[in-house]
Each structure stands twice: as C-alpha cells, then as structure tokens.
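Working notes, beginning with the structure itself.
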Amino acid sequence: MKVRFGFVAMSTLLEDASPSKTMTYKTFSKLADREAAVRRLVSIAEQNLHNTLRILKHSTAHDIQMYRLSSKLIPLATHDELQDWKPYAALQQAFKELGDFVLKKRMRASFHPDHFCVFSTPRPEVLINSKKDLIHHVVMLETMGLDERFKCNIHIGGAYGDKESSGLRFIEQFSALSPRYKHRVTLENDDKTFNVKETLAAAEATGVPMVLDIHHHMVNPGDLDADELHQVIWPRISATWERERNRLGLSSEEQLPPKIHASSPKSITNLRGHADYVEPLPLLEFLLEAARTTEYLDCMLEAKSKDSALLQLMEDMRELAGRDERIRIVDGASIEINN
DNA sequence: ACCTGTCAAGTCTGG
DNA sequence: CCAGACTTGACAGGT
C-alpha cells in the first residue's frame, strides 16, 4: 500500500506566509468608503492566494502532494452584509494559477468548511448559511478549474438531543442539494457526536465518500472495536471511494484513494486536543492493517506543527523502516507498507 | 516590538 | 433565555 502524507491550512516552516489573513467585520463596517473597503478585502484575498501558491510550491519541494486549503482565503466572503459582493471574478487569475499548479503537480487539494456548515441543523437560517458556506467553497474549487475529484470535507453536525433523528435530518437536507454541490462533499466522523459507524451510514445513504479520522475514532469510538473496524467497516469506507471513482469514470484506485486523517492527543488530560506532532506508532498500527486490503491511501496530518510535523513523521518513518522491512520510504512525503 | 482581549458564523451545558 | 466553554489564527488596540 502506498501512503501519501499531507498537511492542513498553513505552513509553520515558511515565514510570513499566512493564507488566512482577514479583516474583521467590525473594522470593515467602520470604514467610510465602502468601495475602498471592498478593494481592501480583495487585496487581502490576493495575499492569501499568493501565500497559498507559495505553500504549494514549498510542498512540492518536499514531495508533498496533499494539502488542505484554508477556508479563510476570502475574508467576509459569506457575511450577511456583503451579499452583493461577488469576489470570484476579481480573483479568477489567482485562483486559476493555484488550480493549474495543483493539476500540473498532480496534487490532491481539498477544503474543510468550518463548523458553521451543519446540514443536521433544525434551524432554517442555519441551514441557509450552511448552504451558502458550502457553495462558497465549491465555487472556489470551480474557479480554480478543479474537477469533482477535489472536495470539501464536512461533519454531520449536532445531535440536538436526538442523534438518530438529527442523522436522518442530515440525510434529508443534504440530499436536497443539487448534484453540483453534493458531488463536492466528503463526510468525516467527528470527535464528540457522530462516530465512525454513524457517519458511514450517512455517507452510504447520501452516496458520499467518507473520510476516516482515526484520532476522532479513538476519542469517540461508539461500540466499534479494532477487529470490526478493519474487517467490516474499513472495507465499507473504502467502497464509498470506489463508488465515487466509478461515478467519475476513474479506473484506478490511485486516481482517488481513500483518505484518512491522523493526529495525536494533546495530552493525557486532553485527549481530544491536537498535539504538535504525530505519534508514528499508533498510526503505523492502523496502516499495517489497512495495507492488507488497500493499495493506495492518502493520510492528512492534523498536527499543530503542520508541515513541520509531516517532515518529522517522515523522519520517524525512516527510522522505523530501518528495522521493519514491511515499511519502505518512497520519497519525502510518502511510504509503502507491505503486510 | 510586544502584549492582551476580541473576532461573523454553531452547539452544548448549566443556570 | 442567556452566559460561558469549546478552539484557534489573526486582528485591533494598547503600551
């Protein structure tokens, strides 16, 4: 099994390269010249897109092919008071340059809309804003010229005191979206509410591929043990990706592998928090099992030290590979596991 | 240059 | 019905 590693949202190695610079609405609303204020927002977005390109170039220099784009590329993009503002045209060039780079380097780019994107909500205004947020992310992918292999990862949302009916409401409200948006989504198990089995059920019901977060699973396992995960659940998660590849007419698993998220607990007293770096051994344990049934896998690291944590994990993997012949280092950001 | 409270958005808990 | 926690990078406003 070939495993590619990626990182999320920003670089801790590049100096002065934030892709998430912003302006608060409070500041925006205090500016007298609204046109100038909007131009300022565009200029901030241009800086964010420029820094994103720097991060992508830096990634490829380290063989990293997977990156999660910041959700904050365009400040105030979906704010109520800026409904009339259509920022995409003015940023088209910069977005296209990003998309071209991603395609040329065969990278896997994605978004992860924040926790305001909740399709299980019973509140109509929250549903409207969730749609707005998802549409915003999809339009950014489209403006980059990226096809439906490139997706937005979301969670199911809250339980509102009745997880079962909230899960059903998610399926109902999500299914009502047009294919243009539905086909851009992956569903991930969360660390508090919807566990792996429940998320998989929703993913299967909506026909959406599922991202398995193994850290979330550790802190919110439900009744799922390691045996069932590897023998029953992982093959079903894998199948959600196979189904998507078939829909897109992709013949090889390499073209859209299943994706997992990995991170390590912040501390013994804060298991849910994310540590600076990723512990290699628990991850390796999962990978060795997955390697029995899977040919290609993409693993997104969600560590506070971002790309630095990725390079450190590769260091650790190199050392492990030295004394375990089942592990082979392929390049600066991918390994091969044979079990 | 550096520090501290604040920030558009949701949900959950507890009062 | 409302305040505070959750979580987090970056702003805003101060020294």
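Numbered per our numbering, the first sequence spans residues 2 to 340.
All C-beta atoms in this analysis are idealised placements derived from N, C-alpha and C, irrespective of residue type, glycine included.
The beta carbon of Phe151 sits closer than 7 Å to the beta carbons of Ala110, Ser111, Leu142 from its chain, once the five residues preceding and following it are set aside; these are given in chain order. Pro236 sits in a helix when the DSSP states are folded into three classes. Note that the C-beta distance between Asn340 and Arg327 is below 8 Å. Excluding five sequence positions before and after Gln313, the CB atoms of its chain that fall closer than 7 Å to its own CB belong to Tyr278, given in chain order.
When the five nearest sequence neighbours on each side are left out, the beta carbons in the same chain lying within less than 7 Å of the beta carbon of Val39 are those of Trp86, in order along the chain. Under the 10 Å beta carbon count, Asp299 is surrounded by 16 or more other beta carbons and is classified as buried. Looking only at Gly7, Lys58, Tyr26, Thr294, the smallest Cα-Cα distance to Ala18 is reached by Lys58.
The beta-carbon distance between Tyr297 and Lys106, rounded to whole angstroms, is 17 Å. This is too long to meet the 8 Å contact definition. Within the same chain, Val119 come within 7 Å of Val127 by CB-CB distance, once the 5 residues on both sides are set aside. Contact between His51 and Ala95 holds, with the beta-carbon distance rounding to 7 Å and staying under 8 Å. Here Gly7 is not near Gln93, since their CB atoms are 8 Å or more apart.
Membership of Ala37 in the alpha helix (DSSP H) is indicated by the continuous run 35 to 62.
Using a 10 angstroms sphere on the CB of Ala33, the tally of other CB atoms stays under 16, which defines it as exposed.
By a beta-carbon distance limit of 8 Å, Trp235 does not contact Ala292. Their separation comes to about 11 Å. In the structure shown, Asn247 adopts helical secondary structure according to DSSP, grouped into three states. Taking a cut-off of 8 Å on C-beta distances, the stretch 260 to 269 does not touch the stretch 318 to 326, as fewer than three cross pairs fall below it. Among the bridge pairs identified by DSSP, Thr187 is matched with Asn154. Of the residues Asp191, Pro123, Val186, Glu189, the one whose Cα lies closest to the Cα of Asp163 is Pro123. Taking the Cβ atoms as the reference, Leu225 lies roughly 6 Å from Val197, within the contact range of under 8 Å. A straight-line Cα-Cα distance of about 13 Å links Arg185 and Gly146.
When Cβ pairs closer than 8 Å are counted between the two stretches, the stretch 302 to 309 is seen not to touch the stretch 244 to 255, the count staying below three. A Cβ-Cβ separation of about 23 Å leaves Asn154 out of contact with Val233 under the 8 Å criterion. Between Leu54 and Phe102, the gap from beta carbon to beta carbon is short of 8 Å. Taken in chain order, the complete beta strand (DSSP E) segments of 3 residues or longer contained in the stretch 271 to 327 are 297 to 302. When the beta-carbon positions are compared, Pro222 and Trp242 stay at least 8 Å from each other. If you check the CB distance, Tyr89 and Val139 do not come in under 8 Å.
Relative to Pro20, the option among Gln48, Arg5, Ser30, Ser335 whose CA is nearest is Gln48.
Distances from the alpha-carbon of His216 to those of Pro283, Gly158, Leu70, Leu188 put Pro283 closest.
Cβ-Cβ distances below 7 Å link Leu135 to Pro114, Cys118, Cys153, Tyr182 in the same chain, with the five nearest sequence neighbours on each side left out; the list follows chain order. Shown here, Ser30 sits in a helix according to DSSP, grouped into three states.
Scanning Pro180, Asp214, Glu173, Arg170 for the CA closest to the CA of Asn190 turns up Asp214. At the C-beta level, Leu249 and Glu149 come within 8 Å of one another. Here Leu289 has Arg327, Ile338, Asn340 as same chain residues with Cβ atoms under 8 Å from its own Cβ, once five neighbours each way along the sequence are excluded.
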